[in-house]
Structures are given as C-alpha cells and as structure tokens.
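Here is the structure we will look at, set down as structure tokens.
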Amino acid sequence: MATETLAPAEGVGAGPTPPTPILQAQAVSKQFPGVLALDRVDFELRAGEVHVLFGENGAGKSTLIQILAGVHVPTDGSIRFRDEPLALQGVHHARTLGISAVFQEFSLVPTLTVEENLFLGAELTSRGFLDKSEVHRRADDILKRLGFPLRPRQRVQDLTRAEQQMVEIAKAFRTDLSVLILDEPTASLTDREAQRLFAMIEQAKARGVGVVYVTHRMSEISHLGDRVTVLRDGKRVATLDVAEADDERLLQLMTGRVISQVFPKIAYRPERPLLEVSGLTTADHLVRNLSLVVRAGEVVGIAGLVGSGKSVAGRACFGLESLASGRVVFDGHDVTGRSAREMLDRGAFYLPPDRREEGLVMMRSVRENVALPWLGARPFTRFGFLDRGSERSKVRDVADRLNLQPRNIERDPERLSGGNQQKVLLAKGLVSAVKLFILDEPTVGVDVGTRVAIYGFIRDLCESGAGVLLISSDLPEILHLTNRTYVMYRGDLRAELAGEEITQDRVLANFFERTRA
Amino acid sequence: MDQKETQRLMGYSVPLQRLFVRIGVLPFLLVIALIVFGSLSSRFLTTENLITVARQATYLAIVAMGQMLALLTGGFDLSVGKIVAITSVITALTMAPLHAAHPDATAITLTLGILAGIGAGTFVGVVNGVGVAVFNVSPFMMTLGTATISFGIALTLTSGVPVYGLPDAFGTIFNFSRILDIPSPVYVTAGLFVAMYILLNWTRMGRYFYAVGGNLKASRLSGIDTRFYLFMAYVLCGALASVAGALLTARLETGEANIGASMPLDSIAACVIGGVSLRGGIGSVGNVVLGAIFIGLIQNGMDLAQIQSYLQEVVIGVLLILAVIADQLRQFVMLRLKD
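Chain order of the listed sequences is A and B.
Quick note: the first sequence uses the working numbering, first residue 1, plus one each step.
Quick note: the second sequence uses the working numbering, first residue 1, plus one each step.
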C-alpha cells in the first residue's frame, strides 16, 4: 500500500515502558434496547501511548469511547482511572478529571464564539459576573500553544469543519489533559491539517497523555499507533502491538471469518448500460467531472473514504443534488436534473446510508414504509383510493423473502433491531420492478447475519438482471461483491478497476493522497 | 435506587398498562369526566344535555380536524381562530347587502355568502401553506403572522362592530334545524369526519401527510413532493376552520371579528389529548374528534356545576399539560413493555 509522508512513529516499546494504565475498562458491557453494543470488553490505556481502536461500523468502537468519555453508563463492568474505580457521571465529570473526547458530532454551539465555546460550562467569573477579558486571554493562550490559526472571537458557525474540530480539540486541552479520545479525527481534515493534528498528538504523547484513537484507516495505525485493539460485533477480538499488526492480519481480525462464508459468488452478466454518467460536476463541487457506467447484470462499486464524494455521486445519479454540469442517462433516457419521483418511476431505487435520518419513517408501520415510494400506481392505488389489501399482501411477501424478524408488518421500525430496519429499507426497493439499485452503505451498523442476507440479495438482484451501484466504505464488500469498481478521492474519480484488478492494495492505493514531490 | 420495588409494583398492573398503551389516555379521561360530572349534576347525563354537548363541540371538532393535519406534518396552525373570525365577517358582509337588495333570493345569498366566507378562510390557509412549504418560514411565525393580519382585516372591515342583517334562513338551516332530533351542525361535522377518515386512511394524500411529518427526508427520497403536501395540510386546515367559522356565524346570526380567540389552544389541546404527536406523524382522526368532545364535555359539565368560566380556562390548561405528561408516560410504559 501507499507509503505515506509522515515519519513513522516507532513504538514506545524501545524506550522505558512503564506499564501504568491510566484508564482501564474491565469487562464492560452496554445493552441498548434490542442490541448488545458491547459485550464484556476489556481495554487498557497507558500513559503516553496512542491506542488505536479498530473495527467495522457497528463493532462497538463508538460505544466504547462514549463510555470512556462519560456519555454512556456501562450496563455492566467497571472503569478504573489511575487505578481507582471510577463511576463517570457525564461528559463534564470526565472532563474535570482530564478525560476529554472529540467526537465526530461536535459539541459546539454554532452561534457562540470560539472562546465562549472553549469555556462553555466552565465560565470564568469574578464577583459573579463573566470575566470576559480573562476568558479571552486564556483562550488566546490555548490556541497559541496548540498552534491553531483561529481567532478567539470568531463565531463557530463561520468556521470550516476542520477549524471547528480544532476548537473541539482545544477544548480538550483547556484542562489538565490525561486522556484524549479522538473519533476518526482526520475524516474531515485536509492533509496539511491532518499533519498538524498528528504533530499535536505526538506532543501530547510526550507529555504523558494517553490517546485513544478511533479509525478505520489502516495507514494511520502504523503512523500513529503504539497498540491497536480490534473490536468486532461488540467484542474485543485482539489487542496487539502495532509492530506486529500488518494490514492483512487486521482485516482478518476485523471481519473475523473466512471470506467465502460471508460473500456469495455472483455470476455477472453485464448487458446494456443502465446508468451512464458523463462529466458530472455537482453545484457544490463535492464531485467533479465524474463519468461512470453501470450495466444491467453487474455490481459496480464506488470506493473511497468518508468525504471522497462517493455518497454525493450516488445522490447525484438519483437526482438529489443540483448539478453544475454533466449528463445522467438512465435506461436510454436523459434524466439529468430530474426528480427522485421520476427516477423511481423509471425503475431506479436509491438506498440512503442513514436509515434513521433519511431512510425510514420510524413511527409508521413497516407496511407503510415499504409501500411509500410506490403508492401512486397499481396495485397500491385503485380508483384513487389505497388498496390496503394488496398493499398488505405485497409487503408481507417481501417480508417473507427478507426473513424479517419479527414477521409483523404492522410494527413500526422504531421497535426493530438495526439489521431488521435495514431489511425494511431494502424492502422498499423490492415491491416494484426496479432495474437499478443505488445502494449507499447497505450494511452499515448491522449484524453479520443480516449482512450475509443483504449480500445474498445483491447477488439475486444482479443475477436476475438488475444493475447494482454499491457505494461503500467497507473494503471487503467492494473487494468481494463488485466486478467493477471506481475509486474516488476528494471529489475526483481516481481509478476504475475491473475483475482481477480489484485488490486491496490497488483500491487502498487510491484511497489516500498520492505522494507528491 | 429502589428500581426493583418500582418494578414489582408495576408488575401488578401490566394488563392495565397494556390497555393504557393501546388506547391512550383519552378514554380514561372521558370515563372520569362522565363519572365526576354525572355525580355533580343530575342534568348532566340526560339525552338533551348530551345533544347540547355534541352541538357545542362541533365547531371545535371541525377546527381540531384541520389542526390535526398541520400537527401531522410536524407543524401547527395558530391562525385557526382568526380564520374563523374572518370567515364570519366575510360571510356576513357578503350576505347582508345581498339579502337587503334581494330579500327573496335566499338560496343564492346563502350560497354566495358561504362560498365567499370559506374562500376567504381557505385563502389564509393558502398563504400559510406557501409560507411554510415554499419559503420555509416556521409554522409558528407564519401562522402567528397570518393570524394577526386576518384579525386586522376582519376588524377593519367591520370597524369592530358585529354585522347584522343576515337572512333568517341561514340560522334556521345551519343551526336550529334538526333531523331525528339531532341538530344540523352535528351532521356537517359527521360528514367532514367521514371525509377526513377516508382521506387519512384510504388515500395517498393522507398517507403522505403522516410520512412527511414522520420523516421529511425519507419522504423526499421516496419520491413524495413534500412541499405540495405541506402546503395542502395548511390549505385543508384553513378550509376546515372556515367551515367552522361559517357554522358559528349561522349560530350567532351575526358576523363577528371577535370570535374564535380560544380556537388555536383548544384545537391543539383536543388533538394532543386525542393522541396526536406534536412531533408529527402520529394521530387518528377519531381520537381527535373524541378529544374535542371531551373538551366540550368538560366545559358543559363545569357550566352545570356552576364553575365560573374564568376558572374553566384554568382547568383546560391543566388538562392539556396532564395529557402531554400522560403521553410521555405512555411512551415510557410502551418501551418498558416492549417484548
């Protein structure tokens, strides 16, 4: 894989390794309604190390760091801090102990300034009034020390995402820091910003801060990490020194099974082009000059990191983005700039990556959700009125095919497990004659059983002559399901790989910044 | 804490809890109200009195059905009261001169007057719909604004004085006449209820109201023209409120700018007590009508028990808050009972 620009950080194993854990989780479990998110996980963070948490979506990484940061209370197990039992009473409590987390969801108030945000909840006062000049001085101090190019009196809403993240990090450094938790911090950063972040992490390490670093980018593990803990399905699979963790080993630990059991063999029979995109640039320039083809009878992947524009590309194909230029042809018709309604009517289906946010109407029944895109036509509507009888039988059929648990189509998705919610979302595309499926992260946050079921469906769809555009951050999915794959990097199409060319190395090589002299 | 103790106590009442989750708080409230007022006044549970309650509740029931549409889509309509008022004023101002000029053309006078009034009220709904759906103004500000505008227009048109001179037939037909002992406004309400029931349960538009309020983005991805349905929710809400306005005018036999002031609160209360979610996407029209009847029942019962009207306001407010708390409790119990 690509060699990166950063100097490799040697494991601290060489130096004096005082194995003094500052933070420990012992057999920690977390039960959410319907999901056991963490199952007796042990985790140990030493002073002055970067401990990487690695795993698929839904493996429990977020839950674990949220427990360490005081967001969630574990259902079972215990936390020890500096060898004392610790019962965190919330984020604020954790922060006063020097345990600070920077999540992907920022905890900033957009309408307040940088300095107001830095001291939110810990305002400096004198005689009961806000001591604004002291806040300003101290905020300035922190930002200077960290080398962030921010002005304390800027409003947070006017900052870029990277700058907002700097504010979050600065907030962590406001108090005496002993544990810093970073949740995929480079997801939204440019390379230069990422370099600065890495330097800062090194600095913190040198001062004895323990860093928990969540990522799914393997390159960052070898650059930054001292040890890595792999989680899968809520369980801890392994903890190893970075030195002995090569990519192959990590991938196997992450997916945890013989690949052939998970991924079906698909017989691809590419036929006529279904979707032809040429020179597509979105109005916000998150995707530039994209051209791709999806034929009937094949599974085409779009791989790339978060923020590579692969998701936007999928939305643009379905008429959900405003375009600056380019053409989208579906099944021989120019559909550039057409509505989602027209795309659905022509036989295209888009599965959004976030089922809660954009996919399902959580408080309405499975039946209503599944039928929602298709109510305008038979058999769902007859003579202007809904035909609830055939609606019920249609949806029941699909529920059977997908093995929905429980098999009650009147239940609302709110009360289904994540895997079954995802099945409902997929079912929306199965009650009508759909020729093209645009699937954006179809297996995000589902258990392995559901994952296998969904892959089975992708195979069935493909073999019955539909075209599938599979947009995914999950590398094994891309490697094993697609017969052709596009790789995107920061809005540009980087590579098109076909058949045997789709290897981990070749895909990953295009994930990252190329080493430019 | 003593979580185990709580659990043990709750264990005894599981059947009751299941009933509570299934039917909501309203039937319990109705039964309590019937018992309390029945014992306070012997006149309360007579047929004649219950028919009076039905008649009094019709106006609120109609407005509440409209309000429900706005609530289903995740908004609300604060202008319903002033829509009632402006409908009343326009109806009367159209009818009175027509009636004076052509005393014999009653049918035409009534038709034109009612159409003008309902048209004016519906137009306010159209403005609301455009503001909310097209310009993304928050329903709160939009309907508050149109409420003020409508009220101002209604006052300007009438100088704040009631408009007299309506044909007698208006009140006779739309207020006093009875079929099988039941007053005509009740039939109008029943007809609208049936229409609403069909709309919400058996048509695409009804289904989309729920979907749009439940998850706007998911609805958009499902190919629904979300703006259009948001717009329609406010138009239909305005139309229903104006029907109530026309019926109230027939009852008062004058056009008044000052009626309907309590309608926004009462209609939202009827919906919420009837189990409509303030976050959108949940609610049944049958329960909304029951909610309106419940409020009518309470007001009537307090009248009979000679509780003064100022105090009645307090009771309605308390009930509204209790209903919301009960609904939260229901969500909680529902999660707890989840199998």
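Glycine is no exception: its CB is placed at the ideal position from the N, C-alpha and C atoms.
Check                                                                                                                                                               : Outcome
If we ignore side chains and look at the alpha-carbon of each, how far apart do A/S78 and A/A37 end up?                                                             : 16 Å
Thinking A/A348 and A/I438 are a contact (beta carbons under 8 Å), I'd like their distance in whole angstroms, please.                                              : 7 Å
Please name the residue in A/Q24, A/R80, A/R401, A/V335 whose C-alpha comes closest to that of A/L461.                                                              : A/R401
Counting only C-beta atoms, is A/L143 closer than 8 Å to chain B at any point?                                                                                      : no
What's the C-alpha gap between A/R356 and A/N420?                                                                                                                   : 12 Å
In chain order, what residues of the same chain have a beta carbon less than 8 Å from the beta carbon of B/I325, not counting five sequence neighbours either side? : none
Does the separation of the CB atoms of A/I458 and A/V300 fall below 8 Å?                                                                                            : no
Using 8 Å as the limit for Cβ to Cβ distance, is B/A326 near chain A?                                                                                               : no
Using only alpha-carbon positions, find the residue among A/T96, A/G98, A/G121 that is nearest to A/S107.                                                           : A/G121
Are the CB atoms of A/L23 and A/V209 within a distance shorter than 8 Å?                                                                                            : no
Considering only the beta carbon of each residue, do B/R204 and A/G314 sit closer than 8 Å?                                                                         : no
At 4 residues or longer, and completely inside the segment 340-388 of chain A: list those alpha helix (DSSP H) runs for me, N to C.                                 : 340-346, 366-371
Determine the DSSP secondary structure at A/D472, reduced to helix, strand or coil.                                                                                 : As written in the sequence, residue 472 of chain A is Ser, which differs from the Asp given in the question. Looking at A/S472 - three-state DSSP - the assignment turns out to be strand.
Nearest chain A C-beta to B/Y229 closer than 8 Å, yes or no?                                                                                                        : no
What residues in its chain sit with their C-beta under 6 Å from that of A/K171, if we drop five residues either side in the sequence?                               : L118
Using CA coordinates, which residue listed in B/L248, B/V21, B/G275 is at the minimum distance from B/T172?                                                         : B/L248
Contact criterion: CB-CB distance below 8 Å. Does A/E368 meet it with respect to chain B?                                                                           : yes
Quick test of your reading: A/V446 and A/P353, contact by CB under 8 Å. State the CB separation rounded to the nearest angstrom.                                    : Their Cβ separation, rounded to whole angstroms, is 12 Å, which puts A/V446 and A/P353 out of contact at 8 Å.
Would A/M362 and A/D412 qualify as a contact pair, given that the criterion is a beta-carbon distance under 8 Å?                                                    : yes
CA-CA distance, A/V230 and A/V28?                                                                                                                                   : 15 Å
Classify A/A7 as buried or exposed, calling it buried when 16 or more other Cβ atoms lie within 10 Å of its own Cβ.                                                 : Bear in mind that the predicted position of A/A7 carries a pLDDT of just 38, short of 50, making it too unreliable to give a figure here.
Quick check on this structure: which residue in B/I198, B/A195, B/L230, B/W202 has the alpha carbon closest to the alpha carbon of B/I212?                          : Here the sequence assigns Val to residue 212 of chain B, which means Ile is not the residue at that position. With distances taken between Cα atoms, B/V212 lies closest to B/L230.
With a cut-off of 8 Å on the beta carbons, I'd call A/G304 and A/M488 a contact; round off their distance for me.                                                   : 4 Å
Going by DSSP in three states, A/G419 sits in which element: helix, strand or coil?                                                                                 : helix
How far does the alpha helix (DSSP H) with B/L304 in it reach, from first residue to last?                                                                          : 285-304
In whole angstroms, what separates the C-alpha of B/L110 from that of B/D104?                                                                                       : 11 Å
Which residue from A/L426, A/E414, A/K435, A/N510 puts its Cα closest to that of A/F32?                                                                             : A/E414
What does A/R346 reach in chain B if we use C-beta pairs closer than 9 Å?                                                                                           : Per Cβ cutoff of 9 Å: no residues; A/R346 is ~11 Å from chain B at best.
Under 8 Å, Cβ to Cβ, is there at least one residue of chain A near B/N215?                                                                                          : yes
Find out if the Cβ-Cβ distance for the pair B/G286, B/C271 is shorter than 8 Å.                                                                                     : no
With 8 Å as the threshold, decide whether the Cβ of B/S177 is near any Cβ in chain A.                                                                               : no
CA-CA distance, A/L470 and A/N510?                                                                                                                                  : 17 Å
Could you tell me which residues DSSP puts in a beta bridge with A/V35?                                                                                             : A/F32
Would you say A/T282 reaches chain B, if we count a Cβ-Cβ gap shorter than 8 Å as a contact?                                                                        : no
Could you tell me the alpha carbon to alpha carbon distance between B/S267 and A/V293, rounded to whole angstroms?                                                  : 54 Å
Relative to the C-alpha of B/S262, which residue among B/V126, B/I51, B/I316 is closest?                                                                            : B/I316
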